[in-house]
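Going line by line, the protein sequences match chains A and B. Per this note's numbering, the first sequence runs over residues 1 to 373. Per this note's numbering, the second sequence runs over residues 1 to 373.
Protein chains: 2
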Amino acid sequence: MRITTPTLLLDKRKALNNIGRMVQKAKENGVRLRPHFKTHQSAQVGAWFQEFGIDAITVSSVRMARYFANHGWKDIMIAFPANVLEMDDMNELATRVNLHLLAVNVETVEALSIGLKHPVQLWVKIDTGYRRTGVLANNHKELDRLLGQVKESGNLHFAGFVAHDGHTYKQTDIYAIQTIHNTSVYLLQLLRKRYKGQFPNLQLSIGDTPSCSILSDLSGVDEIRPGNFVFYDLTQQRIGSCGFDDIAVCMACPVVAKHPKRGEIIIYGGSVHFSKDALAQEDSSVLYGRVVELTNDGWTTPVNGIDLVSLSQEHGVVKASSRHFEKYHVGDIIGILPVHSCLTADLMRGYMSTEGAWLEHLSGVPRQELVLI
Amino acid sequence: MRITTPTLLLDKRKALNNIGRMVQKAKENGVRLRPHFKTHQSAQVGAWFQEFGIDAITVSSVRMARYFANHGWKDIMIAFPANVLEMDDMNELATRVNLHLLAVNVETVEALSIGLKHPVQLWVKIDTGYRRTGVLANNHKELDRLLGQVKESGNLHFAGFVAHDGHTYKQTDIYAIQTIHNTSVYLLQLLRKRYKGQFPNLQLSIGDTPSCSILSDLSGVDEIRPGNFVFYDLTQQRIGSCGFDDIAVCMACPVVAKHPKRGEIIIYGGSVHFSKDALAQEDSSVLYGRVVELTNDGWTTPVNGIDLVSLSQEHGVVKASSRHFEKYHVGDIIGILPVHSCLTADLMRGYMSTEGAWLEHLSGVPRQELVLI
Chain A
1 MRITTPTLLL DKRKALNNIG RMVQKAKENG VRLRPHFKTH QSAQVGAWFQ EFGIDAITVS
61 SVRMARYFAN HGWKDIMIAF PANVLEMDDM NELATRVNLH LLAVNVETVE ALSIGLKHPV
121 QLWVKIDTGY RRTGVLANNH KELDRLLGQV KESGNLHFAG FVAHDGHTYK QTDIYAIQTI
181 HNTSVYLLQL LRKRYKGQFP NLQLSIGDTP SCSILSDLSG VDEIRPGNFV FYDLTQQRIG
241 SCGFDDIAVC MACPVVAKHP KRGEIIIYGG SVHFSKDALA QEDSSVLYGR VVELTNDGWT
301 TPVNGIDLVS LSQEHGVVKA SSRHFEKYHV GDIIGILPVH SCLTADLMRG YMSTEGAWLE
361 HLSGVPRQEL VLI
Chain B
1 MRITTPTLLL DKRKALNNIG RMVQKAKENG VRLRPHFKTH QSAQVGAWFQ EFGIDAITVS
61 SVRMARYFAN HGWKDIMIAF PANVLEMDDM NELATRVNLH LLAVNVETVE ALSIGLKHPV
121 QLWVKIDTGY RRTGVLANNH KELDRLLGQV KESGNLHFAG FVAHDGHTYK QTDIYAIQTI
181 HNTSVYLLQL LRKRYKGQFP NLQLSIGDTP SCSILSDLSG VDEIRPGNFV FYDLTQQRIG
241 SCGFDDIAVC MACPVVAKHP KRGEIIIYGG SVHFSKDALA QEDSSVLYGR VVELTNDGWT
301 TPVNGIDLVS LSQEHGVVKA SSRHFEKYHV GDIIGILPVH SCLTADLMRG YMSTEGAWLE
361 HLSGVPRQEL VLI
């Protein structure tokens with residue numbers, strides 16, 4: 001394939017290394033790895049996990065669950081507060097996979113009790129500090145009510161408690177991340193203690209990419225659910241979850257103009273390709289990607305002195321020192337590591353592997369043009 | 001159709017009013033309206049423009065040009081610095097539409113001269129102050145070289161100068177926008193004067209949505225190319241381009257959880273639906289959308305005291321005063337006006353009209369689930 005429009009490259013070797021490391025860490029800690037597939041949303045990338053013996057996955061929507069069910073996955077958690085408006089779809093899925101749903105309130109449990117015609121695993125989402133959603137760990141009154149409802153339901157089987165420490169994304173200090181993780185595990189264990197009399201098999205599930213990547217001790221829970229680690233990105237590198245060398249996706253964008261006086265290279269590649277997620281710099285500026293050199297079989301680590309500094313819908317502005325500016329010409333392809341690989345992959349809707357294969361995305365229609373040669 | 005997942009609603013009546021007003025203004029000013037279709041990217045919305053007699057359009061990529069060519073459009077400007085890597089596609093398009101390309105440098109003109117097998121209209125993009133890309137209006141040396149190359153080429157027919165005043169988006173003051181517009185028109189007219197001896201038919205094309213919406217005098221050029229005005233959004237309302245009543249698209253998102261102590265409603269609707277574009281508030285906070293009440297045939301203007309204040313990949317957090325908080329329940333649909341309709345539409349990939357029709361998007365596969373009842 002020949003690159004003529006913005007294209008998301010995927011280095012399979014790096015992704016396999018990232019998967020392998022997380023599989024090994026889960027094994028050492030005696031926890032199940034239930035990777036989150038919202039990052040790649042690709043049947044083929046999913047198949048790479050199967051080679052490591054992974055058989056249970058996490059997704060973030062009913063549609064994503066259906067996509068992976070259609071590709072043979074049999075044990076799927078939809079890690080999003082169950083959307084009761086999608087009852088028909090959840091019922092259909094429950095007939096053919098071991099479906100895990102999340103509840104964060106009594107109303108949803110009531111609606112699921114009435115609407116579900118097939119057994120599902122129900123997890124209760126606990127807010128251990130992120131404060132996005134979930135029942136607060138010390139809100140025993142709400143948990144008692146909620147679990148009371150679950151018990152009375154025929155098709156809801158209480159599986160345990162899940163948490164997501166999204167607040168680790170704001171940290172760059174291993175001790176801060178360790179503290180967040182320890183707090184969450186401690187709070188979940190208190191809940192297990194409280195409810196294990198009623199639900200002897202209840203499990204604990206946790207796991208954001210920063211904690212799972214940075215910490216060595218992930219014991220104390222039954223399951224981890226990181227997702228971004230398969231690709232990583234500049235945000236994770238900043239946090240400390242990975243090295244630049246581990247980032248497995250790279251945008252390839254055509255150079256369409258150069259402005260020598262400003263040292264700016266205009267690329268075909270904008271917010272509809274990268275997403276608007278930005279990385280704050282020490283001088284309070286932001287960047288939308290870091291430039292690498294494309295090689296025969298992948299790309300280098302980021303080059304200093306040349307960054308993607310601005311995005312509009314289809315244009316990107318790369319600011320370069322004079323040395324780097326001279327290297328690029330109109331019609332060249334420039335490699336750029338993304339700030340947030342989940343959003344970039346969701347926008348690009350498909351991957352070109354560094355081995356030359358096309359990898360699909362659940363949305364079905366890639367944004368880039370495929371020029372087969 | 002029944003809404004079960006995040007869905008982009010489109011009020012056809014408002015869109016038609018927006019189109020009608022711009023058509024009228026173009027007529028009064030004696031300029032051609034060549035609307036930018038990157039905002040809606042929809043064949044059906046495009047057809048609404050045809051009813052007003054519009055026969056020439058602007059797009060931002062070769063792919064978008066092909067899509068609209070396939071839907072019968074015959075006069076298409078790709079308002080993006082010509083990407084020489086897509087020569088084959090440009091050639092194919094040039095066989096069946098009156099294709100207009102943009103150049104900002106001599107290298108591109110040289111590559112087009114060699115690569116194009118069919119005649120196209122070539123416009124030179126002038127930077128009149130936005131400083132994204134384009135030749136500076138006073139860089140006569142570069143323009144002389146560039147136009148010299150165009151003249152020698154068999155298939156490049158010089159059409160004129162285009163400018164895009166993207167810097168109006170940073171303004172909220174009509175006099176600032178007027179000044180930007182006047183400056184651009186003045187600079188373009190100087191160029192016309194300089195080159196009309198060589199190119200007697202050269203035209204001037206300009207037109208961002210703020211200028212075209214706010215200013216009454218758009219004379220002095222031949223063509224205007226606004227795009228966002230078909231839908232408008234909260235950004236345009238802030239600038240002063242439209243009223244809340246004119247915003248023709250609205251997200252409809254399921255409520256999945258409520259947190260009474262924090263006054264926060266969790267919706268199914270995140271950065272993969274809205275985009276991360278945010279609107280800065282006076283207190284230096286940001287918002288990602290404003291809540292409206294959905295009615296039988298559309299929606300109200302924004303309600304005070306309830307806003308979309310945070311987004312992650314699939315979750316949105318709506319902060320509400322206690323009065324508004326009580327109104328919404330798990331399983332309800334909440335209406336939210338987007339900050340940037342172009343990016344929201346690009347992410348949602350399709351529209352449900354308030355008349356109940358499904359309107360396609362060039363990407364072909366909608367993000368939302370279509371539940372036909």
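Glycine is no exception: its CB is placed at the ideal position from the N, C-alpha and C atoms.
A/LEU311 has its alpha-carbon roughly 16 angstroms from the corresponding atom of B/SER271. DSSP places B/VAL162 in the strand class (E or B) of the three-state scheme. Secondary structure at B/ASN155: coil, using DSSP grouped into helix, strand and coil. B/PHE274 does not reach chain A, its nearest Cβ partner there being about 11 angstroms away, counting only Cβ pairs nearer than 7 angstroms. A distance of 8 angstroms or more separates the beta carbons of B/LEU122 and B/LEU93. Within the same chain, ALA94, LEU99, LEU101 come within 6 angstroms of A/VAL120 by CB-CB distance, once the 5 residues on both sides are set aside.
The DSSP assignment places complete beta strand (DSSP E) segments of no fewer than 3 residues inside the region 201-276 of chain B at 203-206, 249-259, 264-268, in order along the chain. Listed along chain B, the residues sitting closer than 7 angstroms to A/VAL104 by beta-carbon distance are ALA257. Using a CB distance cut-off of 8 angstroms, A/GLU326 does not count as an interface residue toward chain B. Shown here, A/GLY46 sits in a helix according to DSSP, grouped into three states. Bounds of the beta strand (DSSP E) holding A/ALA79 are 75-81. For B/ASN98, the enclosing beta strand (DSSP E) starts and ends at 98-103. Considering only beta carbons, no part of the region 140-151 of chain A lies closer than 8 angstroms to chain B. Considering only beta carbons, the part of the region 78-94 of chain A lying closer than 9 angstroms to chain B consists of PHE80, PRO81, ALA82, ASN83, VAL84, LEU85, GLU86, MET87, ASP88, ASP89, in chain order. Nearest C-alpha to B/SER275 among B/ILE76, B/THR344, B/ASP11: B/THR344.
Note: B/HIS40 is not bridge-paired with any residue in the DSSP secondary-structure output. The straight-line gap separating the alpha-carbon atoms of B/VAL150 and A/THR235 is approximately 45 angstroms. Apart from the 5 residues on each side of it in sequence, A/ALA43 sits with its Cβ closer than 7 angstroms to the Cβ of HIS71, GLU360 in its chain, given in chain order. Interface residue (Cβ-Cβ distance to chain B less than 8 angstroms): A/ARG63 is classified as such. For A/THR172 against A/ILE239, the beta-carbon gap comes to about 6 angstroms, under 8 angstroms, which counts as contact.
Within the same chain, and ignoring the five residues on either side of A/THR301 in sequence, the residues whose Cβ sits closer than 7 angstroms to its Cβ are PHE244, ASP245, VAL292. Pairing B/VAL256 with B/TYR268 gives a Cβ-Cβ distance under 8 angstroms.
The straight-line gap separating the alpha-carbon atoms of B/TRP358 and A/ASP222 is approximately 45 angstroms. Judged by their CB atoms, B/ALA47 and B/SER60 are not nearer to each other than the 8 angstroms cut-off.
Going by beta carbons, B/PRO226 and B/CYS242 fall outside the 8 angstroms limit. Under the three-state reduction of DSSP output, A/ASP88 falls in the helix class.
The alpha-carbon separation between A/GLU314 and B/LEU215 amounts to approximately 26 angstroms. The C-beta distance from B/VAL303 to B/GLU264 rounds to 16 angstroms, too long to fall under 8 angstroms, and the pair is not in contact. In the DSSP assignment, B/ASP127 falls within the unbroken beta strand (DSSP E) covering 120-127. Interface annotation, B/TYR288: not in contact with chain A, CB-CB separation never under 8 angstroms. Of the other Cβ atoms in all chains shown, fewer than 16 fall within 10 Å of the Cβ of B/ASN201; this residue is therefore exposed.
Short of 7 angstroms from the beta carbon of B/THR133, and not among the five residues preceding or following it, lie these beta carbons of its own chain, in chain order: PRO81, VAL104, LYS125, ASP127.
For B/GLY20, the enclosing alpha helix (DSSP H) covers residues 12-29. Around the C-beta of A/LEU190, fewer than 16 other C-beta atoms lie within 10 Å, and the residue is accordingly described as exposed. Among the bridge pairs identified by DSSP, A/ILE336 is matched with A/MET251, A/VAL291.
Residue state for B/TYR351 is assigned as strand, using DSSP reduced to three classes.
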